[in-house]
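*Asks:* By the numbering used here, the letter at position 175 of the sequence shown is numbered 768, and the numbering carries on one by one without gaps. C-beta atoms are modelled at their ideal positions from N, C-alpha and C, and glycine is treated no differently.
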Amino acid sequence: VALDSGFAMAWRKLAAALTNSLSGQEEGIAAATKAYENRDRLPEIERYQTTAYYFWLVDYDPEKAISAYQAILDINPDEPIASNNLALVWSEQREWARAESLTTRSVAAGAGGNTFNTLADAQMSQGKDAAVRATMAEFLRGDSTNALPRVVHALYMGSRHWYDSAETDLRWLEQHAREPEDRAFVPGFRAEARLIAGQLREGEKQQRAFMAEGERRGLPRDYLIGVTSLADVQSLYRADPAGGARVLDAALARYPAASMSALDRPYVLLATSYAIAGQPARARQLMKEYAARVPPGLQRHNAYRHMATGYIALAEGRSQDAIAAFRTWWDEADCTNCALPDLGRAYDQAGQPDSALAVYQRAADNPGGIITIYQDAFNLEHTYRRLGELYEEKGDRDKALDYYGRFTALWKDADPELQPQVREVKQRMAKLAGEKATP
């Protein structure tokens, strides 16, 4: 593009490269916009590709993106980019069966790389474990030197709560991964796995390693993303919301929001963490900035904005508003089980235990998608424990023991500071079972 500033396909490929490398969002958005502005210079298929990408990445309109990708497949049913990206759009609409059908055909035609990633996610989201295992085996067999199959395999293990089994992939990535985003994946994954297991100190250590990698890459956004997790540890696991707020304040003093592009500021995560830390006014200020400074098309593509709205409402005691926000989050999201534990918290606060039980049960039963590990920290143990409590209150001894057992198994190696909670649940189990509690 330095040689030809109107080279539309070069701009589109630059946008894809920037997006896939998890670099700053502003540059990727600008490149995709440049491509769209020069789309009339392109031949038909590339023009459709550029149009679809723009309405997916920049000015989010899934119907326009689907229409453009479908137009390509009407011309060439085996066009690999359109097949993969249309499947990704279908997945975002929770049309996982359609995404699986499309990518299965592409793989059979010889597609590789990200197509396997898309196929595996569609299968995970439908709970098709045998199909996922076959897909992963073929993916790993087809390119044993590429980091992507290892990343996807680790995410699959995380979606099924087999965190120790993912370590083989993480160690491989430590030794062989060349791209910085793949190296950053390792501590990021480990941080989530350790926090889910109640191993706070190791989780915090790994999260700081992820943050340090972000600083080395010149991505203060990643530093701030990691900080929100550290703050939530203080607020939720250590019951110290004031400490959580101090963690956030210190990070924003180090990297003021004004020092980075508005598109790269993790407004939603920061606002959510401030609300959880008992600072709803600060959270509302951040979301006001988000609404004013982030283009509407990007906001539409971020269902998690409703997460922040919901937690602000919870912090202010507006249970029904929180319920509405979390329901909207679920309706707009592409995940299998996000928003449901949060909705359960809102129903709990509203004094609606039957509704809370229903959504916690869905959260426990739904199959995990490819990003499940990033949703389970601060949620999985809470879901299991609350299900145990709610079933105990209803007099359903067997189900209460089941979910209490899942909680104690999850936190069996939790840090000493959390073990009193494990012992308390074991005592409940012993009482239900009519046995003496295990010391």
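Would you mind working out which of 912, 808, 901, 935 sits nearest residue 944, comparing C-alpha positions?
*Replies:* 912
*Asks:* What do you get for residue 991, buried or exposed, if any count of 16 or more other CB atoms within 10 angstroms of its CB means buried?
*Replies:* So residue 991 ends up on the exposed side.
*Asks:* Secondary structure at residue 975, three-state DSSP: helix, strand or coil?
*Replies:* helix
*Asks:* Restricting to Cα atoms, I'd like to know which of 910, 908, 933, 928 is closest to residue 919.
*Replies:* It is 933 whose Cα lies nearest to the Cα of residue 919.
*Asks:* Quick check: the segment 633–650 against the segment 595–602, are at least 3 beta-carbon pairs closer than 8 angstroms?
*Replies:* yes
*Asks:* My assumption, with CB atoms under 8 angstroms, is that residue 908 sits in contact with residue 868. Please give the rounded CB distance.
*Replies:* 4 angstroms
*Asks:* Compute the Euclidean distance between the alpha carbons of residue 736 and residue 742, then round it to the nearest angstrom.
*Replies:* 8 angstroms
*Asks:* Among the residues of its own chain, which have a CB less than 6 angstroms from the CB of residue 745, if the five just before and after it don't count?
*Replies:* 710, 713
*Asks:* Would you mind working out which of 805, 854, 785 sits nearest residue 822, comparing C-alpha positions?
*Replies:* 785
*Asks:* Using beta-carbon positions only, say whether residue 651 and residue 622 come within less than 7 angstroms of one another.
*Replies:* yes
*Asks:* Which same chain residues end up closer than 6 angstroms to residue 648 when comparing Cβ atoms and leaving out the 5 residues on each side of it in sequence?
*Replies:* 654, 657, 658
*Asks:* Evaluate contact between the segment 876–885 and the segment 837–846, counting only Cβ atoms and requiring at least three cross-stretch pairs below 8 angstroms.
*Replies:* no
*Asks:* Relative to the C-alpha of residue 718, which candidate in 849, 864, 926 has its C-alpha closest?
*Replies:* 926
*Asks:* Comparing alpha-carbon positions, which option in 815, 733, 748, 885 lies nearest residue 863?
*Replies:* When the alpha-carbon of residue 863 is set against those of 815, 733, 748, 885, the nearest one is in 815.
*Asks:* Let me know the secondary structure DSSP gives residue 671 once reduced to three states.
*Replies:* coil
*Asks:* For a quick check, are the C-beta atoms of residue 952 and residue 937 less than 7 angstroms apart?
*Replies:* Yes, Cβ-Cβ distance for residue 952 and residue 937 is below 7 angstroms.
*Asks:* Here's a check: name, in chain order, each residue in its chain whose Cβ is nearer than 7 angstroms to the Cβ of residue 827, leaving out the five neighbours to either side.
*Replies:* 833, 836, 837, 840
*Asks:* Could you tell me the distance, in whole angstroms, from the CA atom of residue 976 to the CA atom of residue 789?
*Replies:* 12 angstroms
*Asks:* Going by other Cβ atoms of all chains shown within 10 Å of its Cβ, with 16 needed for buried, is residue 899 buried or exposed?
*Replies:* buried
*Asks:* Assuming residue 709 is part of the alpha helix (DSSP H), what are its boundary residues?
*Replies:* Unbroken alpha helix (DSSP H) run through residue 709: 707–718.
*Asks:* How about residue 666 and residue 675: are their beta carbons less than 7 angstroms apart?
*Replies:* yes
*Asks:* With a threshold of 6 angstroms on Cβ separation, who are the neighbours of residue 795 within its own chain once the five nearest residues in sequence on each side are excluded?
*Replies:* For residue 795, where only same-chain residues beyond five positions count, the Cβ hits under 6 angstroms are 787.
*Asks:* Suppose you measure from the CA of residue 980 to the CA of residue 791; what does that come to, to the nearest Å?
*Replies:* 18 angstroms
*Asks:* Considering just the uninterrupted stretch of the alpha helix (DSSP H) at residue 600, what are its terminal residues?
*Replies:* Counted as a single uninterrupted DSSP element, the stretch harbouring residue 600 is not any alpha helix (DSSP H), since DSSP gives it neither H nor E.
*Asks:* If we count the other Cβ atoms within 10 Å of its Cβ and call it buried at 16 or more, is residue 727 buried or exposed?
*Replies:* exposed
*Asks:* Take the Cβ of residue 769 as the centre, count every other Cβ of all protein chains shown within 10 Å, and call the residue buried at 16 or more, exposed below.
*Replies:* exposed
*Asks:* Below 6 angstroms CB to CB, which residues in the same chain sit around residue 1030 once its five sequence neighbours on both sides are set aside?
*Replies:* Legend: pLDDT at residue 1030 = 49, less than 50; position of this residue unreliable, value from coordinates given subsequently. Around residue 1030, the same chain offers 1019, 1020, 1023 as residues with beta carbons nearer than 6 angstroms, after the five sequence neighbours per side are excluded.
*Asks:* Shortest alpha-carbon distance to residue 996 belongs to which of 967, 957, 948, 901?
*Replies:* Nearest Cα to residue 996 within the set 967, 957, 948, 901: 957.
*Asks:* Can you tell me whether residue 1035 is helix, strand or coil according to DSSP?
*Replies:* The question about residue 1035 has no answer here: the residues shown for the chain are numbered 594 through 1032.
*Asks:* At the level of alpha carbons, what is the spacing between residue 708 and residue 989?
*Replies:* 45 angstroms
*Asks:* Residues in the same chain with beta-carbon distance under 6 angstroms from residue 781, minus the five sequence neighbours each way, listed in chain order, please.
*Replies:* 803
*Asks:* Do residue 799 and residue 809 count as a contact pair if the criterion is CB distance below 7 angstroms?
*Replies:* no
*Asks:* How would you write the range of the alpha helix (DSSP H) that residue 802 sits in, first residue to last?
*Replies:* 793–809
*Asks:* Between the alpha carbons of residue 857 and residue 874, how many angstroms are there, rounded?
*Replies:* So the alpha carbons of these two residues sit roughly 22 angstroms apart.
*Asks:* Please list the terminal residues of the continuous alpha helix (DSSP H) segment that includes residue 762.
*Replies:* Its alpha helix (DSSP H) spans residues 760–769.
*Asks:* What do you reckon, are the CB atoms on residue 580 and residue 671 nearer than 7 angstroms?
*Replies:* One cannot answer for residue 580 here, as it falls past the ends of the chain, which runs 594 to 1032.
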